[in-house]
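Numbering (the working numbering), first residue to last: 298 to 377.
Shown next, in the form of structure tokens:
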């Protein structure tokens, strides 16, 4: 795990922790929605993006980042 600096701890306290989520499109309709998974790192969100791109149901649109004071538990990856 990466060591946090005092400055990053203060920023997390003031602005909240940084998280990532993917926006997806249901293929065949004009429906865009936020994926139900929230990730702590960009790399984890990119792994999810690759999973989305391998399906025929959803299309990947973009990855967004946001800050929240709520502490979300890490998403559990299911190996298929």
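For each residue, glycine too, the CB sits at the ideal point set by N, CA and C.
By the beta-carbon neighbour count (other beta carbons within 10 angstroms, threshold 16), residue 317 is buried. Classified as buried, residue 332 has 16 or more neighbouring CB atoms from the shown chains inside 10 Å of its CB.
Around the beta-carbon of residue 319, 16 or more other beta-carbon atoms lie within 10 Å, marking it buried.
Residue 362 places its beta carbon less than 7 Å from that of residue 315. As DSSP reads the structure, residue 331 sits in a beta bridge with 320.
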